[in-house]
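Heads up, the thing below is written out as structure tokens.
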Amino acid sequence: MIVSFVAALLIGLAAWTGSQAGLQYLFGMALPLLAVVVFIGGMIWRVLYWAKSPVPFAIPTTGGQERSLDWIKPARLDTPMTKAGVVGRMLLEVLLFRSLFRNTTTRVDPQNMRITYFSSKWLWLFALLFHYCFLVTFIRHFRFFLEPVPVCLEWVEFFDGILQVGVPTLFLSNVLIVCALLFLFLRRIVNPKLRYISMANDYFPLFLIMGLVGTGICMRYFDKLDVAQAKVFIMGIVHFSPQSVEGLNPLFFTHLTFLSVLLIIFPFSKLVHMGGVFLSPTRNLPCNTRQVRHVNPWNKPTVFHTYAEYEDDFREPMAEAGLPLEISLEEAQAHDNEKSGKPVEPASAQ
Amino acid sequence: MAKLPKPEELMAGRPPFPAKGWMNTKPEFKAGNFCYPAKVEIMEGMHMPHPHEWRPDEEDWHLPENWEEIIYNGLKERLAKHRSLKVFLDSCVRCGACADKCHFFIGTNDPKNMPVLRAELLRSVYRKDFTLVGKLLGKVVGARKLDKNVIKEWFFYAYQCTECRRCSLFCPYGIDTAEITAIVRELLYELGLGINWVMEPVSNCNRTGNHIGLQPHALKDIIEFLCDDIETITGIRINPPLNEKGHEVLFITPSGDVFADPGIYTFMGYLMLFHEIGLDYTLSTYASEGGNFGSFVSFDMAKKLNAKMYAEAKRLGAKWILGGECGHMWRVVNQYMATYNGPAPDNMITPVSPITGTVFKHAAATKMIHIAEFTADLIKHGKLNLKPERNNHIITTYHDSCNPARAMGLLEEPRSILRAVCNNFVEMPPNTIREQTFCCGSGSGLNTEEIMELRLRGGMPRGNALRYVQQKNDVNWLTCICALDRAVLPTVANYWAPGVTVSGLHELVANALVMKGEIPRTMDLRQEDLPEPDVDESAASGEEDA
Ligand code: SF4
Ligand code: SF4
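So the protein sequences, as listed, match chains A and B. If you want the numbering used here, it's the position in the first sequence, counting the first as 1, plus 22. If you want the numbering used here, it's the position in the second sequence, counting the first as 1, plus 4.
This is how it looks when you write it as structure tokens:
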């Protein structure tokens, strides 16, 4: 955790001091451009890397009743048998975090010899909040890239600011994302299981996002950014015609730097879960494996102990027990003798 | 076998997390916490790579000289073959949602039994060898060099996972630790490291057709004994066809049902049911194993053993296959069989119940249905004359086995049967049944004596839920549809909820089944007295209720 914190802090500091020492173009333009290229290239590479390996087996996890007999109601979304069902399942998974919604907490109470499972939706709630706030914030930022600003963006802003408190209006998404981030961070520290499994690469993106959100909030409410100038500068980058950076808040460059680093590590870290969820074979396949044969591209020829070999092994006892045979004892014996050139003799134990 | 702690002690004595991080702790192999290695001759007989003598509790495991290369190439090959492996290794965010879902974690409190860390044992090596970031930054990003201790750790924890997939249900990305475990086991086999409790049944199954190595004539004898018992109970003689050609249905069930108490009663139940409805079927001594211990070794081995089912259906000219009550058998049949060994032979058709005419369209490709589906349909159509009162002394609950629940979705069929044949049916708490069911703790080839304590720990969540309904609802019976369950749950129940009897579903079906021409029943299939024996109708005519 410390390593990640220090790393994130250093990145922030470097950008902040650097942009005051005349490196604004480095942190404000070169790095973001590089980041976008790495992000797009990296994600394409990542998906191709996954896609290169086939899906040999259909192994969906069934989360409810299968479709078998007419009078038994199947779980169409948790155990989808059709393509449409799978799409539904995936939508629930991606948009509403269906699986996480099942979450429980286990408590073992040795005193009373009892294990209890509590429904535990906090992780689901805050994870959902975090992702949606991030999305809303992301969408709001389009106002920096688009001229004129589309109406739908204004709606988003209107609803996000619906509380109507403060000047500038407080965005709900700002408040909620801070809460969600704190929750996601604190549970890693407070919950012993989470503390035990968390690694630097779990904290690092969290700190980067905290930095990103923190600088963003600062620029909106406290150390205000000249939004108009920032937009001119950003449009400049988009159109590849660099504009002046004079007077822009160093926090702005710090903000951009956090974002850039996040984009750069995205395809090479756990953040790829964004793509992984779509490709997970326990979720994205129909549970109709008995109805439709799933083909394995590398299926090997079947080599197995055949019935003929089996009968050769056990012909005698099978005959004795009166079990039907493909080749009767006499036939087999005759065949053996033919091979070894001996006259026919009565059956004897091997 | 080491002496077992009392249940209270076992529950209270779960150790706290170690102070050191997981990369710096090593498993301690001691008698009772590991499965015995596979015998060399058996490994040789099955043409497994690098058979050799070794013991988990010895320092030197005598790995082949180029073991690092074998693992590297083995992992590389599997990454190229399984998208699941890549996606699962790359996508985990360590959110911990899976952590306390694993029965082995709940029972041992060993952090490496949290599915996320179990996978991390492989993931860390993957990072080091196959990702740029891992190569560059090493430990900081959870990458570590493969060394012999890692192999030992893999062995230790791959055999403390029953591949039950409970974790995969809760993971937001569907990461299936069972898949990781299966692949780690494959990699270990590449080094000649396997366990005997799995390899011996595999070898038996390969040669004799069933796990326990019953030869054809012995199997026939046992079945005849069981038919003797049926005759004693019902007065009806059944002579089930064996290896006969030209029957409509081939019936395959796990061999555990033929030889082990209480599985045998379930087997008798099948035979009585088939006789009563006049099913045109045959059993096979060659394909006398529904279970597939090969699936606990490698995908290839599972395929090899599974191939017999279709081969035999083809040879005998059976139109479809009816499968008995089993757990992992149905994982293989439902999710792998068509892929491994399909398409089904030409002589086979989509299963149709000859009694009700129901077409089982959902099995159009595999041509194989589960007996719970078959019987539920019979009962729904009123084709069975049932007297559930014969099971009135039983208050039963129902254990969903992992595979039919989470790899098939077979949840309501067995329940509908149970309700029809037993008047007292109580569910265990909701977070422990259906798709959230807890493993018996001994699945995937871990049902061996030498790790009894571990098994009871793994069975703790199941045992505890059982204890709960035992205390609350006076439950005295546990019905299940898995041969491994029937073998291991009696032990689990005896430990965590003593006094609960374990049985298969079709034992209760046959208890309740009124057969044409039977004598008034005075005992159940276990030949124990029925509390309310049948009234002899020839003596006191007609007061049977519907
Ligand atoms: S639930 Fe899935 S993503 Fe979360 S820690 Fe477990 S395996 Fe990783
Ligand atoms: S598959 Fe089952 S036993 Fe294995 S890690 Fe997941 S929950 Fe535990």
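Every residue gets a Cβ at the ideal spot worked out from N, C-alpha and C, and that includes glycine.
Close partners of residue 216 of chain A in chain B (Cβ separation under 7 Å): 100. C-alpha of residue 294 of chain B to C-alpha of residue 65 of chain B: approximately 34 Å in a straight line.
Fully enclosed alpha helix (DSSP H) runs of no fewer than 4 residues occupy 144-162 and 173-182 of the segment 137-197 of chain A, in order along the chain. DSSP places residue 59 of chain B outside both helix and strand once states are collapsed to three, so it counts as coil. Distances taken from the Cβ of residue 424 of chain B to the heavy atoms of ligand 1 include none shorter than 6 Å. Inclusion of residue 179 of chain B in the 6 Å shell around ligand 1 follows from its C-beta lying nearer than that to a non-hydrogen atom of the ligand. The beta carbon of residue 370 of chain B lies closer than 6 Å to those of 341 and 342 in the same chain, with the five residues before and after it left out.
Ligand 2 has a heavy atom closer than 6 Å to the beta-carbon of residue 168 of chain B.
For residue 75 of chain A, the C-beta contacts it makes with chain B under 7 Å involve 83, 84, 85, 86, 87 and 90, in order along the chain.
Taking a cut-off of 8 Å for Cβ pairs, the segment 381-398 of chain B and the segment 358-366 of chain B touch, as three or more such pairs fall below it. The segment 13-21 of chain B makes no contact with the segment 147-156 of chain B; the number of CB pairs closer than 8 Å stays below 3. Against chain A, a Cβ distance below 8 Å from residue 365 of chain B picks out 313.
At a threshold of 6 Å, residue 98 of chain B counts as near ligand 1, since its beta carbon sits closer than that to one of the ligand's heavy atoms. Residues of chain B with a Cβ closer than 7 Å to the Cβ of residue 87 of chain A are, in chain order, 413, 415 and 416.
In this structure, the C-beta of residue 111 of chain A stays at least 6 Å away from each heavy atom of ligand 2.
Interface flag for residue 73 of chain B against chain A is unset, since no Cβ pair is found closer than 7 Å.
Scanning B/522, B/247 and B/199 for the CA closest to the CA of residue 540 of chain B turns up B/522.
The alpha-carbon separation between residue 39 of chain B and residue 223 of chain A amounts to approximately 35 Å. Taking a Cβ-Cβ cut-off of 7 Å, the neighbours of residue 224 of chain B in chain A comprise 343 and 345, given in sequence order. For residue 232 of chain A, there is no enclosing beta strand (DSSP E); the enclosing alpha helix (DSSP H) covers residues 222-239.
Within the same chain, 165 come within 6 Å of residue 171 of chain A by CB-CB distance, once the 5 residues on both sides are set aside.
Non-local C-beta neighbours of residue 234 of chain A in its own chain, meaning closer than 7 Å and more than five positions away in sequence, comprise 277, 280, 281 and 284, ordered along the chain. Separation of residue 313 of chain B and residue 278 of chain B (C-alpha to C-alpha, rounded to the nearest whole angstrom) is 20 Å.
Here residue 325 of chain B carries a strand assignment [DSSP, helix/strand/coil]. Close partners of residue 23 of chain B in chain A (Cβ separation under 8 Å) are lacking, with about 10 Å as the shortest Cβ gap. Under a 10 Å Cβ-count criterion, residue 169 of chain A is classified as exposed, with fewer than 16 other Cβ atoms of the shown protein chains found around its own Cβ.
Among the residues facing chain A, residue 246 of chain B is included, as its CB has a counterpart in that chain under 7 Å away.
Under the Cβ criterion (8 Å, minimum of three pairs), the segment 145-165 of chain A counts as touching the segment 114-122 of chain A. Distance from the CA atom of residue 165 of chain B to the CA atom of residue 94 of chain A, rounded to whole angstroms, is 32 Å. Residues 107, 108, 111 and 445 of the same chain have their beta carbon placed closer than 6 Å to that of residue 462 of chain B, with the five preceding and five following residues left out of the count.
Residue 421 of chain B has its alpha-carbon roughly 12 Å from the corresponding atom of residue 511 of chain B. The CB of residue 155 of chain A never comes closer than 8 Å to any CB in chain B; the least such distance is about 17 Å. The beta carbon of residue 31 of chain B lies closer than 7 Å to those of 156, 157 and 160 in the same chain, with the five residues before and after it left out.
With a cutoff of 6 Å, residue 174 of chain A does not count as near ligand 1, since its C-beta is closer than that to no heavy atom of the ligand. Within 10 angstroms of the beta-carbon of residue 327 of chain A lie 16 or more other beta-carbons, which makes it buried. According to the DSSP secondary-structure assignment, residue 507 of chain B is paired through a beta bridge with B/483.
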